[in-house]
Ligand code: SF4
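Residue numbers (our numbering): 1244 to 1539.
Below, the structure is given as structure tokens:
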């Protein structure tokens, strides 16, 4: 059996782009843990790991993998830690891994806004170069229905602050989050929020129901009308049509997506819209995941 120097508290999540990164869990779970659509950490009680334990894991991992260049800080929102604690962790990482070039973490906009600009710049200078933020929707009504705990305004405020500090933003939007009833406003306002933020990276994932649609409906504070695959793709079309981005690298290649789209927005906007319109015009020939037939 291969020895691995870190004991992870499962389940452990990381963004697809961090597949080759070394992961340190500096918190367990999510301090919010109330979003109606999210089951990532419902099995865990939020906890901040002890500093000595984290530093011990960093040193231990470094003795096995001294050449690591990318590190991801888990779980759900590592940025909730105080700046002092984060600084101690980043310092230990920099000392242990001299070649590290990028440290990243999931973050909530409110965690970023609660830090001063000086603190954020300091964290950036210690290697925290990228944060992943699940915006989910730019529509305040949908955000409220799913109990996201953020608004259009709070999200823009947090992410622009991170940008000003030199920290890059990678954001996620959830296709289908408002169901059929809120689909159009969700698509348009999700494009609008991206236009305000101009993130370096954006991706769309499709709403899924790991514990069944009934559980989601109970947690959704309104009428949730399920969408079929073509309706989900139509929502993507409205979303992309309304984006006015200046160089955001965009992907819809998560396992949840029915239609894989990749490009730089706005340079590839027309190409992506053409791809979507071809699928909508002739769905049988499209390379959709097999589940799509169930939703037609
Ligand atoms: S803030 Fe993120 S991790 Fe926490 S419950 Fe919401 S979606 Fe899940």
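Where is the CB? At the ideal position from N, CA and C, for every residue including glycine.
Here the structure is a predicted model, which is why all the values come from computation and not from measurement.
Taking the Cβ of residue 1452 as the reference point, every heavy atom of the ligand SF4 lies at 8 Å or farther away. Looking from the CA of residue 1289, the closest CA among 1320, 1307, 1411 belongs to 1320.
Boundaries of the alpha helix (DSSP H) harbouring residue 1327: 1326-1339, taken from the DSSP string. A residue is called buried once 16 or more other Cβ atoms fall within 10 Å of its Cβ, and residue 1354 is buried on that count. With a cutoff of 9 Å on beta-carbon distance, residue 1519 and residue 1480 are scored as near each other. Listed in chain order, the non-local C-beta contacts of residue 1517 below 6 Å within the same chain number zero, local neighbours out to five positions each way being set aside. Between residue 1313 and residue 1347, the C-beta gap is smaller than 9 Å, which places the two residues in contact. Distances taken from the Cβ of residue 1320 to the heavy atoms of the ligand SF4 include one shorter than 8 Å.
Inter-residue distance for residue 1448 and residue 1349 is about 16 Å (C-alpha atoms, whole angstroms). Using a cutoff of 8 Å, the CB of residue 1261 does not count as near the ligand SF4, since none of the ligand's heavy atoms is closer than that. About 14 Å separates the beta carbon of residue 1372 from that of residue 1342, a gap too long to meet the 8 Å contact definition. Within the region 1250-1317, the alpha helix (DSSP H) runs of at least 4 residues that lie entirely inside it are, in chain order, 1294-1307. Across the set 1248, 1405, 1267, 1247, the C-alpha of 1267 shows the shortest separation from the C-alpha of residue 1255. By the Cβ-count criterion, residue 1503 is exposed, with fewer than 16 other Cβ atoms from all chains shown falling within 10 Å of its own Cβ.
Here residue 1524 carries a helix assignment [DSSP, helix/strand/coil]. Set against 8 Å, the gap from the CB of residue 1280 to the closest heavy atom of the ligand SF4 is smaller. Under a 10 Å Cβ-count criterion, residue 1429 is classified as buried, with 16 or more other Cβ atoms of the shown protein chains found around its own Cβ. Per DSSP, the unbroken alpha helix (DSSP H) holding residue 1363 starts and ends at 1360-1368. Residue 1262 is classed as exposed because its beta carbon has fewer than 16 other beta carbons within 10 Å across all chains shown. Residue environment for residue 1310: exposed (fewer than 16 other C-beta atoms within 10 angstroms of its C-beta).
Taking 9 Å as the cut-off, the Cβ atoms of residue 1382 and residue 1421 count as close. Residue 1501 sits buried, since 16 or more C-beta atoms from the chains shown fall within 10 Å of its C-beta. Burial is judged here by how many other beta carbons sit within 10 angstroms of a residue's own beta carbon; residue 1453 has fewer than 16 and is exposed. Going by DSSP, residue 1451 is part of no alpha helix (DSSP H) at all; its letter is neither H nor E.
In this structure residue 1395 is in contact with residue 1432, their Cβ atoms being roughly 7 Å apart against a cut-off of 8 Å. Spanning the alpha carbons of residue 1271 and residue 1521 requires a straight line of approximately 44 Å. Collapsing the DSSP output to three states places residue 1445 in a strand. From the listed residues 1252, 1513, 1257, 1302, the smallest Cα separation to residue 1291 is found for 1252. In this structure, the CA atom of residue 1425 is about 37 Å from the CA atom of residue 1264.
For residue 1432, the enclosing alpha helix (DSSP H) stretches over residues 1422-1440. Counting along the chain, residue 1377 sits inside the beta strand (DSSP E) bounded by residues 1371-1379.
Here the alpha carbon of residue 1301 sits roughly 33 Å from the alpha carbon of residue 1491.
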